[in-house]
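The sequence shown runs 4 to 88 under the working numbering.
Every residue gets a Cβ at the ideal spot worked out from N, C-alpha and C, and that includes glycine.
All of these numbers come straight from a predicted model, not from anything done at the bench.
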Amino acid sequence: MKVILTETFKKQLKKLDAAISKRVLDYLEQIELLDNPRSRGKALTSNLSGLWRYRVGNYRILCRIHDDRLIITVIEIGHRSTVYR
C-alpha cells in the first residue's frame, strides 16, 4: 500500500524531536510494505470512527485506509494525551 502524508501531518512531524520523527517515518515505511495494514493498527470508534491509529512510543499516528485505491492517508500525529481531542 502507498502511504500519503497530509500537509497537517508534515507540519506536526517537523515540530517533534528529530529522533521521534525518524522513528515515525521508519514505522510508516514498515506499514507501507504490509499487505494488510490493519494487522498492526487499531480501529478508532466514536467521533473518530473510520480512522485507524498506530502507536509509536508515546505518540499516535491517525490514518484513513482506502482499500479500493490501496492508499493509507496519514492525517495527524500527536502525543497520546492530546491526539484524540
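Determine the direct distance from the alpha carbon of residue j to that of residue i, and round the result to whole angstroms.
i, j, result
"residue 69", "residue 34", "14 Å"
"residue 76", "residue 9", "7 Å"
"residue 79", "residue 51", "12 Å"
"residue 44", "residue 32", "14 Å"
"residue 74", "residue 7", "7 Å"
"residue 18", "residue 66", "19 Å"
Measuring only between beta-carbons, confirm whether residue i sits less than 7 Å from chain B.
i, result
"residue 51", "No chain B appears in the structure shown, which is made up of a single protein chain."
On a Cα-Cα basis, can you pick out the residue from the options that is closest to residue i?
i, options, result
"residue 62", "55, 83, 79 and 4", "83"
"residue 37", "5, 19 and 81", "5"
"residue 87", "57, 23, 28 and 21", "57"
"residue 29", "55, 16 and 11", "16"
"residue 23", "85, 47, 42 and 64", "64"
Identify every residue that forms a DSSP beta bridge with residue i.
i, result
"residue 76", "7 and 67"
"residue 45", "56"
Under a Cβ-count criterion, where at least 16 other Cβ atoms within 10 Å of its own Cβ denotes burial, should residue i be classed as buried or exposed?
i, result
"residue 109", "Because the chain spans 4 through 88 in this model, residue 109 falls outside it and cannot be assessed."
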